[in-house]
Each structure stands twice: as C-alpha cells, then as structure tokens.
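Visitor: Numbering-wise, this note's numbering puts 133 at position 110 of the sequence shown, and it's gapless, one number per residue. Where is the CB? At the ideal position from N, CA and C, for every residue including glycine. Below is one structure. I have some questions about it.
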Amino acid sequence: MKFVNIRLLVGDIVMGFRMTFGDEVMGYAYFETDSAGVELMTREGFAAALGETASPRKAEGHPAVLVFRVDDVDSAYANFVERGATAVAGPQNRPAWQVRSAHLSDPDGYLVEIYSQLAGAEAHKA
C-alpha cells in the first residue's frame, strides 16, 4: 500500500493554486508534489459521490480523508473491515475519478479512501 495524499474537505476549492487535475465545477482540485499530493474537495461533492447515507458532516477538527493507493481494492477493503474498520462505502468503480475505490472509517472516525486505477485510466503521478 502506498500513501498518496490527504484530502481536505472544504467549502471553497478556489484558493489561487494551480491545479494538476480537477476544476471548480466538479468541486475538486488536486495539487501534485514530488512524492504525494493535496486534494481539495467540497463536502457536498464528496457526500454526493458516497451517497446520502455516508455524508460527511462538517467536522469539528478532522475534515480530512486519508487516501491510499492499493493493488487490490476489494482485498484491502475486506482486510480493513476484518481488522475493525467501519465500512462507509464498499468497493465500486468510479469512472469519473478513473478509479475503483472504497471508503472506511478508522476507530477515531477519520475517513480513509483506498483506490486503484481503472484499466486504461491515466494514473496520477503520486
């Protein structure tokens, strides 16, 4: 598993940075560095992607998602759930994101995303 980036859930993604991927309309921006990246995404956009039952509330101190790239989303998801992580959104293909991903919550309530690129999708550098 490779740590990829931290996603900050924000109210406004337009902050004067040059985006590597994303746009204001989709409510998502990715800023790349040499070894990892920073993502900004609107809470509403993330809630819509996961479904209403998994809507992230405005956190009092933890408005972030830890993102990891894995070789096999389904296997990693099952392993995390077996070890006590709480399922948020099971493995599914997300063509708009060009990934297969799943979302979990750790024992402290932090959201964790695991993903792998869909076949033929252009991978982020991180």
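From residue 132 to residue 110, what distance separates their C-alpha atoms?
Guide: Working through the sequence shown from its first residue, we reach residue 132 at position 109. Working through the sequence shown from its first residue, we reach residue 110 at position 87. Roughly 11 angstroms separates the two Cα atoms.
Visitor: Would you kindly work out how many angstroms separate the C-alpha atoms of residue 99 and residue 139, rounded to a whole number?
Guide: Indexing the sequence shown from 1 puts residue 99 at position 76. Indexing the sequence shown from 1 puts residue 139 at position 116. Within the model, the alpha-carbon separation for residue 99 versus residue 139 is close to 11 angstroms.
Visitor: Compare the Cα-Cα distances from residue 25 to each of 101, 117, 93 and report the closest residue.
Guide: Working through the sequence shown from its first residue, we reach residue 25 at position 2. Nearest C-alpha to residue 25: 93.
Visitor: Below 8 angstroms on the Cβ atoms is my contact criterion, and I expect residue 30 with residue 64 to pass it. Report the Cβ-Cβ distance as a whole number of Å.
Guide: Locating residue 30 in the sequence shown gives position 7, where the first residue counts as 1. Locating residue 64 in the sequence shown gives position 41, where the first residue counts as 1. Here residue 30 really is in contact with residue 64; their C-beta atoms are around 6 angstroms apart, less than 8 angstroms.
Visitor: Pull up the distance between the alpha-carbon of residue 142 and that of residue 136, whole angstroms please.
Guide: Residue 142 sits at position 119 when you count from the first residue of the sequence shown. Residue 136 sits at position 113 when you count from the first residue of the sequence shown. Their backbone Cα atoms lie some 19 angstroms apart in a straight line.
Visitor: Under DSSP, the beta strand (DSSP E) around residue 99 begins and ends at which residues?
Guide: Residue numbering aside, residue 99 sits at position 76 when the sequence shown is read from its first letter. That residue, residue 99, is in no beta strand (DSSP E); its alpha helix (DSSP H) goes 96-105.
Visitor: So is residue 144 buried or exposed if we call it buried at 16+ other beta carbons inside 10 Å?
Guide: Along the sequence shown, one-based indexing puts residue 144 at 121. The residue is exposed, with fewer than 16 neighbouring Cβ atoms inside 10 Å.
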